[in-house]
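Residue numbers (my numbering): 6 to 364. In this text, a Cβ means the ideal position worked out from N, Cα and C, and glycines have one as well. Report on the following structure.
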């Protein structure tokens, strides 16, 4: 393939630069890391940059193979039209100045196509999305990777399929990275709360509460593990509703050996905590994907999400799916603001038994 050969002839030195574009949520960013790892394996001297939404930066900030991260800050919209456009234009100019050899556009937004084209890179790969068939999308890329089969592929496999036009061998491992300082900060927080020895991390929350399990069932599970002699560390995001859920669960548990770091950790600190845990129990959320990537023994509670796309990749543990215990709605038909708890069909005994097996 001409593009592949041309890139390989230029990819032997540190001057070779690659830009990967993905504009999605935190979990999506973590699942792009196999593409980054594969590009590094093929071109170890190349500098790999990433363009993402600024709020997701922490997911990739400590990745060892990333040279630089550029962020699109969605708060730019609040600056007014003139300043917003100035920020966007400055970003475009900065990216063009990098003189990329290759752009890998994993995103599906028109904005990503504009950025891809404006870089002027000689090789620009995107996906041949059905919804993006047309002159502009096609001309923004020098080659489009087919999406045939994506409906039956995990998100990791979908991402990796973009490398087919480059003949780059896939690397399947998802990488969640953090710095030594992140673990030191977590250790200090644990010390303040008098947490000693081994511990289980439990993340009962998601930003979408329909993905959560009943608080009483979670508390009953935690209480059983406490009676078994285990220490529990509860975590959540900083959202007040998530923190309130944690407090509800804590109030239903015996006070011994249950601690909360809800809303107190950065994403990288949370990764460090999970990496040092003896077990992770959580719902379909970013921390679940972190636990799978870190190979921490994991129990993932799943409801009406698309398991094919979003189950924890190469998880060391067990996925407990509510659909095995009762009917679930079509994931595409769910009102994300619903008060329904679709995971409630999962019995406590199943989770406790799985935890005891993992421990």
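Taking the beta strand (DSSP E) that residue i falls in, what are its first and last residues?
i: residue 323; result: 322-326
i: residue 110; result: 107-110
i: residue 265; result: 263-265
i: residue 221; result: That residue, residue 221, is in no beta strand (DSSP E); its alpha helix (DSSP H) goes 220-232.
i: residue 366; result: Only positions 6 to 364 of the chain appear in this structure, which leaves residue 366 out of reach.
i: residue 237; result: 237-239
i: residue 205; result: 205-208
i: residue 149; result: 148-150
Mapping the DSSP letters down to three states, classify residue i as helix, strand or coil.
i: residue 192; result: helix
i: residue 22; result: strand
i: residue 52; result: strand
i: residue 314; result: helix
i: residue 163; result: helix
i: residue 281; result: coil
i: residue 173; result: coil
i: residue 249; result: helix
i: residue 254; result: helix
i: residue 291; result: helix
i: residue 347; result: helix
i: residue 68; result: coil
i: residue 299; result: helix
i: residue 212; result: coil
i: residue 275; result: helix
i: residue 168; result: helix
Which residues in the same chain have their Cβ closer than 7 angstroms to the Cβ of residue i, if we skip the five residues on either side of it in sequence?
i: residue 34; result: 27, 57, 61, 64, 65
i: residue 314; result: 159, 160
i: residue 168; result: 40, 43, 175
i: residue 300; result: 321
i: residue 342; result: none
i: residue 376; result: The question about residue 376 has no answer here: the residues shown for the chain are numbered 6 through 364.
i: residue 53; result: 23, 25, 41, 44, 45, 70, 71, 72
i: residue 206; result: 238, 240, 278, 279, 282, 285
Closer than 6 angstroms by C-beta to residue i: which residues in its own chain qualify, once you throw out the five before and the five after it? Chain order, please.
i: residue 147; result: 128, 129
i: residue 318; result: 161, 179, 297
i: residue 59; result: 76, 78
Tell me which residue opens and which closes the alpha helix (DSSP H) that residue i is part of.
i: residue 123; result: 115-124
i: residue 370; result: Since the displayed the chain opens at 6 and closes at 364, residue 370 lies outside it and no answer follows.
i: residue 45; result: 38-47
i: residue 303; result: No alpha helix (DSSP H) holds residue 303; the beta strand (DSSP E) holding it covers 303-307.
i: residue 3; result: Here the chain comprises residues numbered 6 to 364, so residue 3 is not present and cannot be evaluated.
i: residue 131; result: That residue, residue 131, is in no alpha helix (DSSP H); its beta strand (DSSP E) goes 128-132.
i: residue 137; result: First-last for residue 137: undefined, no H or E at that position.
i: residue 97; result: 86-102
Out of the options, point me to the one whose CA is closest to residue i's CA.
i: residue 236; options: 98, 200, 20, 224; result: 200
i: residue 264; options: 257, 270, 238, 284; result: 238
i: residue 347; options: 216, 272, 268; result: 216
i: residue 67; options: 85, 131, 181; result: 181
i: residue 232; options: 49, 125, 171, 259; result: 259
i: residue 284; options: 363, 277, 349; result: 363
i: residue 312; options: 296, 80, 333; result: 333
i: residue 271; options: 150, 242, 197; result: 242
i: residue 269; options: 149, 72, 248, 335; result: 248
i: residue 144; options: 280, 316, 344, 122; result: 122
i: residue 49; options: 32, 31, 72; result: 72
i: residue 131; options: 120, 137, 150; result: 150
i: residue 134; options: 103, 126, 166, 120; result: 166
i: residue 184; options: 46, 275, 244; result: 275
i: residue 240; options: 195, 21, 261; result: 195
Which same chain residues, not among the five before or five after residue i, have their C-beta less than 8 angstroms away from its C-beta?
i: residue 228; result: 257, 258, 259
i: residue 353; result: 222, 225, 226, 229
i: residue 141; result: 115, 118
i: residue 36; result: 160, 161, 164, 179, 294, 318
i: residue 218; result: 209, 288, 306, 346, 348, 349, 351
i: residue 95; result: none
i: residue 187; result: 67, 271, 273, 274, 276, 277
Closer than 9 angstroms, CB to CB, is residue i near chain D or not?
i: residue 162; result: In summary, chain D is missing from the structure at hand, where a single protein chain is found.
Would the stretch 310-329 count as touching the stretch 187-194 if we require 3 or more Cβ pairs under 8 angstroms? no
Pairing CB atoms from the stretch 288-306 with CB atoms from the stretch 323-337, are three or more of them under 8 angstroms? yes
Tell me whether the stretch 199-216 and the stretch 287-303 touch, counting them as touching only if at least three CB pairs, one residue from each stretch, are closer than 8 angstroms. yes
Count the C-beta pairs between the stretch 111-131 and the stretch 78-92 that are closer than 8 angstroms, then say yes if the count reaches three, no if not. no
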